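These notes concern the structure reproduced below.
Numbering (UniProt numbering), first residue to last: 1 to 239.
In structure tokens:
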């Protein structure tokens, strides 16, 4: 299943058997199309950058003497790859909550048939896993097979359904990520980084109207722009 990205994206990253981290990925609006066309970049960042350093990242702000508690400042770490730049930092979650993974098992006499059904996550959390391995991410809800599909196990007696739950602990802080394309990516695919905003669309509409049907107004310079200015994150300032 192909992943679809927006300017703000929410995921759950599983870091152990019973612990997950709430992850928020931010993209500049001009980079959304690029990421949707190259979703494997995000997979690469998770596996090669985030996962090997996850515990170091989780404790980065707590171990930094330069970040006073309660100031809202964060000790962002930056990583430069061939295709992109990545900034990550930890931020306290506004609400504490947990997730349950539900397991169902049908028992037909002496035989048991497991029915895996993942936890229902928040509505804005994408249903597809970040990677295919089920032991790394919270699995998405799966359609349970109908009883008709289990005819080979059927007997005259009704099956017994056993239900168990795995409680997943969510870190009290969320991982915030920002990903930007490298300069080589921009130069290689310039058409992926052009966005016409609302002002530009209004100008196009005005040009289509008869001159006498609207009051005269000067036309502002084009607001279409490529990704060459105003990065979402910068290097840290000396202070």
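Beta carbons: idealized from backbone N, C-alpha and C, even for Gly. These numbers were taken from a predicted model, which means no experiment stands behind them.
Which residue's Cα is closest to the Cα of residue i: the options?
{"i": "residue 167", "options": "11, 26, 97, 93", "result": "97"}
{"i": "residue 23", "options": "82, 36, 3, 50", "result": "50"}
{"i": "residue 240", "options": "39, 41, 54, 40", "result": "Nothing about residue 240 can be reported from this structure: the residues present for the chain run from 1 to 239 only."}
{"i": "residue 107", "options": "188, 160, 5, 30", "result": "160"}
{"i": "residue 60", "options": "52, 48, 77", "result": "77"}
{"i": "residue 184", "options": "82, 93, 101", "result": "82"}
Alpha carbon to alpha carbon, how far is residue i from residue j?
{"i": "residue 21", "j": "residue 44", "result": "18 Å"}
{"i": "residue 57", "j": "residue 89", "result": "7 Å"}
{"i": "residue 105", "j": "residue 169", "result": "24 Å"}
{"i": "residue 158", "j": "residue 99", "result": "31 Å"}
{"i": "residue 46", "j": "residue 38", "result": "14 Å"}
{"i": "residue 6", "j": "residue 95", "result": "23 Å"}
{"i": "residue 9", "j": "residue 188", "result": "25 Å"}
{"i": "residue 181", "j": "residue 26", "result": "13 Å"}
Is the beta carbon of residue i sitting closer than 8 Å to the one on residue j?
{"i": "residue 80", "j": "residue 177", "result": "no"}
{"i": "residue 186", "j": "residue 84", "result": "no"}
{"i": "residue 30", "j": "residue 195", "result": "yes"}
{"i": "residue 241", "j": "residue 36", "result": "Residue 241 cannot be examined here, being either before or after the span of the chain that is shown, 1 to 239."}
Between which residues of its own chain and residue i is the CB-CB distance below 7 Å, once the five residues before and five after are set aside?
{"i": "residue 91", "result": "74, 173, 174, 176"}
{"i": "residue 33", "result": "192"}
Leaving out five residues before and five after residue i in sequence, what residues of the same chain have Cβ atoms less than 6 Å from its Cβ?
{"i": "residue 162", "result": "105"}
{"i": "residue 103", "result": "164"}
Near residue i, what residues of its chain come up, given a Cβ to Cβ distance below 8 Å and the 5 sequence neighbours on each side ignored?
{"i": "residue 18", "result": "166, 167, 168, 169"}
> Which whole runs of the alpha helix (DSSP H) in the region 158-196 are 4 residues long or more, in chain order?
Replying inline: 183-188
>> To test your reading of the DSSP string, which unbroken alpha helix (DSSP H) runs of 4 or more residues are found completely within the region 4-45?
In response: 32-37, 40-45
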